[in-house]
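*Asks:* Residue numbers (numbering that gives the first Met the number 0), protein chains in the order written: chain C, 0 to 522; chain F, 0 to 119.
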Amino acid sequence: MLVDARTLSAGTVVTCDVAIIGAGAAGITIAREFIDTRTEVCVFESGGTDYSAETQMLAQGGNVGLPYFDLRAERIRALGGCTGHWGGDCRPLDPIDFATREWLHDSGWPFGLETLKPYYERATQVLRIKPYATYDVDRSQVQSQRPGLTSLRFAEDAVELRRWQQSGPLRFGKAFRDELERAANVTVYLNANLVRFGTNDEGSVIDSIELAVLQGPRFTARARLFILATGTIENARLLLGVPDGKGRTFGARNDLIGRYFQEHPAFSELAMLVPAERRPLSDFRDEVDMLSFGFTEAMQRRHELLNSNFFIEPRRIGADPAGVVSLRRLSGAIRAGRLPDDLFEHISRILADFPAVTDYTYRRIFKPTSDVVGYFEIGFAAEQAPNPDSRVRLGDEVDALGIPRVELDWQLADIDRENIVRTMNALVQEVGKAGLGRIKLLFAEDASDWREHLVASHHQMGTTRMHPDPKRGVVDENCRTHGVANLYVAGGSVFPTSGASSPTFTIVALALRLADHLKEKLA
Amino acid sequence: MLASLGTVLGLPVRAAGIVANDPLPERLAALFPHARASARALGIACRRAGACAGTPQVLAEQVCADPAERHRLTRCSVEELRAWIDARIRADFTEGRIVRVEGWMLSETEARLYALVAAG
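(1) Just to confirm my understanding: we take A484 of chain C, look at its own chain, exclude 5 residues before and 5 after, and list those with CB closer than 7 Å. What are they?
(2) From what residue to what residue does the beta strand (DSSP E) around E406 of chain C run?
(3) Would Y134 of chain C and L511 of chain C qualify as a contact pair, given that the criterion is a beta-carbon distance under 8 Å?
(4) Pick out whichever of C:R258, C:V63 and C:P94 has its Cα sitting closest to the Cα of A297 of chain C.
(5) Using only the alpha-carbon positions, how far apart do P367 of chain C and D254 of chain C sit?
(6) Considering Cα atoms alone, identify which of C:H263, C:E312, C:G167 and C:K470 is closest to G491 of chain C.
(7) What is the rounded straight-line gap between the Cα of I208 of chain C and the Cα of L280 of chain C?
(8) Identify, in the order they occur along the chain, each residue of the same chain with its Cβ nearer than 6 Å to the Cβ of V493 of chain C, setting aside the five sequence neighbours on each side.
(9) Please report the distance separating the alpha-carbon of L72 of chain F from that of L80 of chain F.
(10) Nearest to A446 of chain C by alpha carbon, out of C:E159, C:G250, C:A270 and C:N192?
(11) Quick check on P130 of chain C: buried or exposed, where buried means 16 or more other Cβ atoms within 10 Å of its Cβ?
(12) Identify the residues that DSSP records as bridge partners of P313 of chain C: which are they?
(13) Is the Cβ of R437 of chain C closer than 8 Å to any Cβ of chain F?
(14) Closer than 7 Å, Cβ to any Cβ of chain F: which residues of the stretch 431-459 of chain C, in chain order?
(15) Would you mind working out which of C:V454, C:K432 and C:P467 sits nearest T93 of chain F, comparing C-alpha positions?
(16) Between E151 of chain C and E78 of chain F, what straight-line distance do the alpha-carbon atoms span, to the nearest angstrom?
(17) What residues in its chain sit with their C-beta under 6 Å from that of S369 of chain C, if we drop five residues either side in the sequence?
(18) By Cβ distance below 6 Å, which residues in the same chain neighbour K520 of chain C in space, the five residues on each side in sequence not counted?
(19) Anyone know if the C-beta pair for V116 of chain F and A50 of chain F falls short of 8 Å?
(20) So with Cβ pairs under 8 Å, would you call V427 of chain C a contact of chain F?
(21) With distances taken between CB atoms, is the gap from R437 of chain C to L105 of chain F smaller than 8 Å?
(22) Along chain C, in chain order, which residues have C-beta atoms closer than 8 Å to that of S106 of chain F?
(23) Pick from C:A18, C:S456, C:D408 and C:V372: whose alpha carbon is nearest that of N386 of chain C?
(24) Check whether the Cβ atoms of G246 of chain C and L393 of chain C sit closer than 8 Å, and answer yes or no.
(25) Let me confirm a value: F343 of chain C is counted as buried when at least 16 other C-beta atoms fall within 10 Å, else exposed. Which label applies?
(26) Using CA atoms only, rank isn't needed, just tell me which of F:R74, F:G42, F:D91 and F:R47 is closest to L23 of chain F.
(27) By a C-beta neighbour count over all protein chains shown, 10 Å radius and 16 as the cutoff for buried, is E382 of chain C buried or exposed?
(28) Less than 6 Å between C-beta atoms, sequence neighbours within five positions excluded: which residues of the same chain meet that for G425 of chain C?
(29) Check whether the stretch 62-69 of chain C touches the stretch 216-224 of chain C, taking contact to mean three or more Cβ pairs, one atom from each stretch, closer than 8 Å.
(30) Quick one: what does DSSP say W163 of chain C is sitting in, helix, strand or coil?
(31) From the beta carbon of W103 of chain F, is the nearest beta carbon of chain C less than 8 Å away?
(32) For G49 of chain F, return the contacting residues in chain C, with the cut-off set at a CB-CB distance below 8 Å.
(33) Given this structure, state the Cα-to-Cα distance separating R252 of chain C from E201 of chain C, to the nearest angstrom.
(34) Looking at G172 of chain C: is its Cβ nearer than 8 Å to the Cβ of L92 of chain C?
(35) Quick one: does R99 of chain F have its CB under 8 Å from some CB of chain C?
(36) Mind checking which residues open and close the alpha helix (DSSP H) that includes F343 of chain C?
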């Protein structure tokens, strides 16, 4: 059932077994698991069924670290959450992503891929993609489907082909709205914002939460179990900023909340690979499979690398004029929500090379198939090293409901920067060993110009990291908040490390695992 | 590999038949009969970058330090010479013997070959 909380009377008290705060991928997934069970579930969503500018203002926040996207536009406060604008790419984490790696401080999940595999399998059904086994890449089969990329025959023990799946992208708000509306034991309250936790004296058990409607009534929800599922940035913000009846916040108890914010830093135009074998551009189009290259686990261990996925984009023969390079740089920067420092230099180059820029745009639109690939443009999106200084914290301003606004201080550590050099040097070696061509690096030898190549990936993770030790994590291996008996956290915020795969598939798998745990708890 | 390397760097390399009893530097330099100017330009860049230096004789000795092997290479067929260099270049990449020249990541052996052309 869907209820607009604006229609509730002030002081209303709703009672349920499980209260889920947030109706995005994680919240909806957990709620669906309880449909047609005896468990009464309430879901509290800040927004309505559609985007609302007024509600979206609650997401406003500041970026005080590395350049990042506008936080007000980055997260969607509406039924379905960020699945309302995600790209739909699905890939599980790799086995090494769960491992404790001696060269990567604070790495290691409390469990391995084997634990999550059954949930990934179930997540494929939620996300309406092919079964998990699809991710096992059969090289010989792939090759016939995609002659271009697979013609780059790297040593198999060094570089692996990785398959991705596209979920549509599945918009959870639209896809599951009818099901949620029909569910007798699940009630989704729209336009309901968490403003207060009700706890016992010690703050170790939550008995209720207070919710507020923008310029409307406040009401209370009582439940046995509470799940915070509002996204990586908002999960941290609410734990840091929402007080209990005594004015205490969870943030005051655990300094780790908000820390270890991770993205998938993507580095574009790092290098060009001139292939030994010339192939037509058409060999790289109409691909059946979504593939990427990544280093094998053995290779990552040998070179002490962070996991990453390479972008290898075919380009026509002949170097693009400076104006076209500037156009691409400018487009990339605008997509990343910022303008480059040398904006006017780029604009002047574009104007100076205007005929070439027009031709480039024409080619991009009509994509003639007779061209030959002259080189590949190479970049990669990497796992970000866990870093306590990369964090979400509270700012000085408050939103319309009196909750402090967020400040995002996204930081990369030395290891992330060094990883650019190590990763690209390893790629240079593999290309040379396999006789695939030669690479020209387009960044400074010490990668001191890394900022010029950096683009974020719209993937937010890590601010309520999972670890069995309360001193090292915010939630335990079952995603229960340390020190609070009945508060759970769902979403990318619990990832201890980020891997290199898009997070939503793992978020859904973890939500399914949490739902199973909650069922056991309630039994 | 050198053929493909030639393609990569715009240096078409063609078989030139067996050249017997040539001193090794000359044989190595002769591997770029149709792209000598390009190889020379690359070699100058390699020298300027400090990636390799010395006379053709020194550079040839750096490419192949073993006297017996050098002797063999001066007498083998061009195809064998290319295969030897190909293996040597791949070994360079495997062992991390790589130099950066104006952004290009070259094996030490190939950089020396270009420098050798430039020195000639």
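Positions of the beta carbon are idealized from the N, C-alpha and C atoms, including for glycine.
All figures in this text were calculated on a predicted structure; none of them were measured in a lab.
*Replies:* In short:
(1) S203 and V204
(2) P403 to D408
(3) no
(4) C:P94
(5) Caution is warranted here: a pLDDT of 48 is assigned to P367 of chain C, below 50, making its placement in the model unreliable, and the coordinate value is therefore given only provisionally. Going from the Cα of P367 of chain C to the Cα of D254 of chain C covers about 56 Å.
(6) C:H263
(7) 58 Å
(8) T463, M465, V474 and C478
(9) 6 Å
(10) C:A270
(11) exposed
(12) C:F375
(13) yes
(14) G431, K432, G434, G436, R437, I438, K439, L440, L441 and E444
(15) C:K432
(16) In the sequence as presented, Glu is not what sits at residue 151 of chain C; that position holds Leu. Distance between the alpha carbons of L151 of chain C and E78 of chain F is about 24 Å.
(17) Caution applies to S369 of chain C, whose pLDDT of 46 falls short of 50 and renders its modelled position unreliable; the value that the coordinates give is listed next. Nothing listed; no residue qualifies.
(18) none
(19) no
(20) yes
(21) yes
(22) G431
(23) C:D408
(24) no
(25) exposed
(26) F:R74
(27) buried
(28) Residue 425 of chain C is actually Ala in this sequence, not Gly. Contacts found: H302.
(29) no
(30) strand
(31) yes
(32) Residues of chain C passing the Cβ test: none, with the nearest at roughly 13 Å.
(33) 11 Å
(34) no
(35) yes
(36) L342 to A351
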